[in-house]
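S.K.: Take 0 as the starting number for the sequence shown in numbering that gives the first Met the number 0 and just add one per residue.
For each residue, glycine too, the CB sits at the ideal point set by N, CA and C.
All figures in this text were calculated on a predicted structure; none of them were measured in a lab.
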Amino acid sequence: MLEQQRRKDRTEVTFVLPADTPPGPVSVVGDFNEWKPGTHELTLRPDGTRAVTVTLPAKASHSFRYLAAGDYWFNDDSAEGHDGNSRLTT
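What follows is the structure, given as structure tokens:
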């Protein structure tokens, strides 16, 4: 799930997953962090989900995927589109 909070010249995007699906550590990787795993690792929240918030430029389009333990890559079903990767527009 994606949560977006629009600001004047930027958008704070929170990437949210269930606490244990998939198991183990998960990072969101995309063009906004040069596809570098571990830069934005999801952490546990009090509501039982895990999430990470990334500040992105407003009015831009981004590609991203999740990377879980065991080199398991997957897309976000709630993303605006897919082209092999998940897509979102801020």
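Please go through the same chain and pick out, in chain order, the residues whose beta-carbon is closer than 6 Å to the beta-carbon of Asp-8, but skip the five residues on each side of it.
M.R.: Mapped onto the sequence shown, residue 8 falls at position 9. Counting only Cβ-Cβ distances below 6 Å, and skipping sequence neighbours, we find Ala-57.
S.K.: Please say whether Gly-23 and Phe-63 have beta carbons closer to each other than 7 Å?
M.R.: Position 64 of the sequence shown, counting from 1, holds the residue named residue 63. Position 24 of the sequence shown, counting from 1, holds the residue named residue 23. Not in contact: Phe-63 and Gly-23 (Cβ atoms no closer than 7 Å).
S.K.: For Leu-87 versus Glu-79, is the C-beta spacing smaller than 7 Å?
M.R.: Residue mapping note: residue 87 aligns to position 88 of the sequence shown, counting from 1. Residue mapping note: residue 79 aligns to position 80 of the sequence shown, counting from 1. Their beta carbons are under 7 Å apart, which means Leu-87 touches Glu-79 by this criterion.
S.K.: Return the chain-ordered list of same chain residues with a C-beta closer than 7 Å to the C-beta of Leu-55, the five sequence neighbours on each side being excluded.
M.R.: The residue labelled residue 55 in the question sits at position 56 within the sequence shown. Excluding sequence neighbours, Leu-55 sits near Arg-9, Thr-10, Val-12, Phe-31, His-61, Thr-89.
S.K.: Go ahead and label Phe-73 buried or exposed: buried means 16 or more other beta carbons lie within 10 angstroms of its beta carbon, across all protein chains shown.
M.R.: Along the sequence shown, read from residue 1 onward, the residue named residue 73 stands at position 74. Phe-73 should be labelled exposed.
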